[in-house]
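Data first, discussion second: the structure below is written as structure tokens.
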Amino acid sequence: MVPVRLTGPRLAIREFHHTPGDIDALYAVFGDPVATRHLPFGPYDRESCADQVAQYLEEALRDERTVYRLAVTLRADGTDSADPADGGAPIGSAALTLGEHRSAVLGYALRPDTWGHGYAGEITGLLCDLAFGTLGVHRLAARVDVDNTASSRVLTRAGFQLEGRIRHDLHLRDTWYDSFQYSLPADEWAGAGTGAGQRAGG
């Protein structure tokens, strides 16, 4: 496995580690009902978060890796280091899932106390750089709960376009939810090599 390490102006994105610190950090996101309100699953307990981290590591070790589930941390002291220790425990997660025809699906989740600082936009820019650059993706897609206006703004500012509304896309907690589908092809990505994530708010 070649570990993924991405750095933006304020954030570092790295592989998860199966350590108590990383598990607790994921639990602070995936175990929080506010953080998971717009995600396609309900709050997890800590044991489930430990299982998730183990699954992320298994996915990372596959010969042909198709899933990138990564830890988002704050960069330490504004240095250029991409060391996994940057910022200590993760404040969230970022994901790319590769599909057919050089496509991929993008996603992220952040701890609620970090919302409103533009981190989601920076994550989106870094994932776009990884997808369109290193991984050779041609088309990125993202699905967003129709009530998640903050993420819709993040995607729009990053250059994604709304393709439409998918009705009854998710069944969770005895309720059907609609999603918005967004997409961005490589030839419309204006941020290659520019750290464009810093321009997108979140």
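Residue numbers (my numbering): 42 to 243.
Glycine included, each C-beta is placed from N, C-alpha and C at the ideal position.
- Listed in chain order, the non-local C-beta contacts of Leu139 below 6 Å within the same chain comprise Thr107 and Ala145, local neighbours out to five positions each way being set aside.
- Closest in alpha carbon position to Leu147, among Ala112, Thr60 and Thr165, is Thr165.
- Here the alpha carbon of Glu163 sits roughly 8 Å from the alpha carbon of Leu52.
- If you draw a straight line from the Cα of Asp210 to the Cα of His142, it comes to about 23 Å.
- For Ser220, same chain residues with a beta-carbon under 8 Å away, outside a window of 5 residues either side, are Arg184, Val185, Asp186, Val187, Arg206, Ile207, Asp210 and Leu211 in chain order.
- The beta-carbon separation of Leu167 and Ser224, rounded to 18 Å, does not stay under the 8 Å limit for a contact.
- Between the segment 109 to 119 and the segment 74 to 92, the count of C-beta pairs closer than 8 Å stays below three; the two stretches do not touch.
- Bounds of the alpha helix (DSSP H) holding Arg87 are Arg87 to Ala101.
- In the DSSP assignment, Thr175 is bridged to no other residue.
- Here DSSP, grouped into helix, strand and coil, assigns Val187 to coil.
- For Ile164, the uninterrupted alpha helix (DSSP H) segment begins and ends at Tyr160 to Asp170.
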